[in-house]
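Have a look at the structure below before the remarks.
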Amino acid sequence: EASDGHEAVKLAKKLKPNVILMDIKLPHLDGVSATRQVRKECPDTNVLILSSFEDEAHVMEAIQAGANGYLSKMLPASELVNALKTFANEGVMIPQPVMGKLIQGLRQMSDATAEASLVALTKTEIRVLALLGRGQSNKEIAAALDCSIKTVKNHLNSIFQKLDVSNRTEAVVRGIEMGLISAEDARPV
């Protein structure tokens with residue numbers, strides 16, 4: 073446990089954890105800046121932001137800094153535990169209310185649609201991207217596509233490379249920004 077953002081970055085470098093639960097409001101170095109540094113120093117570490125702020129500006133800022141997920145401090149304890157388990161398994165966590173805020177923010181930024189013509193995702197990759205946006209796991213995507221989990225992972229690697237992103241959340245955000253999938257495609261079912 074770190075007492076401030078600088079200590080969080082220092083501990084991340086030293087311990088190289090799989091997951092970091094990062095408060096957005098930290099002394100000396102805020103959680104968003106700390107997340108950015110952690111992702112730069114430890115790219116394999118997944119960062120989950122925990123915040124009392126749910127507005128799209130905070131959510132977008134955290135995701136753009138490299139956070140893999142965003143949870144509200146207002147969640148009941150049982151839901152928080154389930155969300156943390158999902159995050160640990162899947163590496164991404166954006167609950168429905170926060171996804172709504174994220175989608176609102178993306179709608180306001182849709183100037184990157186022209187970029188989509190430079191990215192050649194296959195129809196299957198676009199379908200995988202839409203299923204990612206709905207919060208589906210690799211297993212659920214494999215079932216929907218009637219393929220193996222390994223095939224889904226191959227599609228994800230290809231999507232990440234083509235979109236120049238490093239995680240599922242960034243892929244969905246970039247896909248919406250570029251008009252590859254719509255905000256409606258990315259609504260959890």
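The numbering used here puts the first residue of the sequence shown at 73, with every later residue one more than the last.
In this text, a Cβ means the ideal position worked out from N, Cα and C, and glycines have one as well.
Simplified DSSP assignment, three categories, for residue i
i      : result
SER209 : coil
ASP131 : Here residue 131 is Val; the residue named in the question, Asp, does not match the sequence. Here VAL131 sits in helix by DSSP.
SER189 : Annotation note: pLDDT 44 at SER189 (below 50); position unreliable, coordinate value reported separately. The answer is helix: DSSP assigns SER189 an H, G or I state.
ALA255 : coil
Alpha-carbon spacing of residue i relative to residue j, whole angstroms
i      : j      : result
SER123 : SER209 : 24 Å
PRO148 : VAL91  : 21 Å
GLY47  : LEU87  : The structure shown has nothing for residue 47, since the chain only spans 73 to 261.
SER230 : CYS219 : 16 Å
HIS130 : HIS227 : 30 Å
Residue span of the beta strand (DSSP E) that contains residue i, given as start and end
i      : result
VAL91  : 91-95
GLY141 : 141-144
LEU122 : 118-123
Endpoints, the alpha helix (DSSP H) within which residue i is located
i      : result
HIS228 : Contrary to the premise, residue 228 reads as Leu rather than His in this sequence. Looking at the DSSP string, the run of the alpha helix (DSSP H) that includes LEU228 is 221-235.
GLY103 : 103-113
SER150 : 149-162
GLY247 : 240-249
Cβ neighbours of residue i in the same chain (closer than 6 Å, five flanking residues each side left out)
i      : result
ALA80  : ALA74, ALA106
ILE175 : ALA255
ASP95  : GLY103, LEU122
ASN118 : VAL91, ASN140, GLY163
Assumed close pair residue i, residue j - CB separation to whole angstroms, cut-off 8 Å
i      : j      : result
THR262 : GLY141 : Because the chain is modelled from 73 through 261, residue 262 falls outside the range shown and cannot be assessed.
LEU201 : ALA243 : 6 Å
GLU126 : SER144 : 6 Å
LEU120 : LEU93  : 5 Å
8 Å Cβ shell around residue i - same chain, five flanking residues per side excluded
i     : result
PRO99 : SER75, ASP76, GLY77
Chain-order list of residues whose beta-carbon lies under 7 Å from that of residue i (same chain, five-residue window excluded)
i      : result
SER238 : PRO115, PHE232
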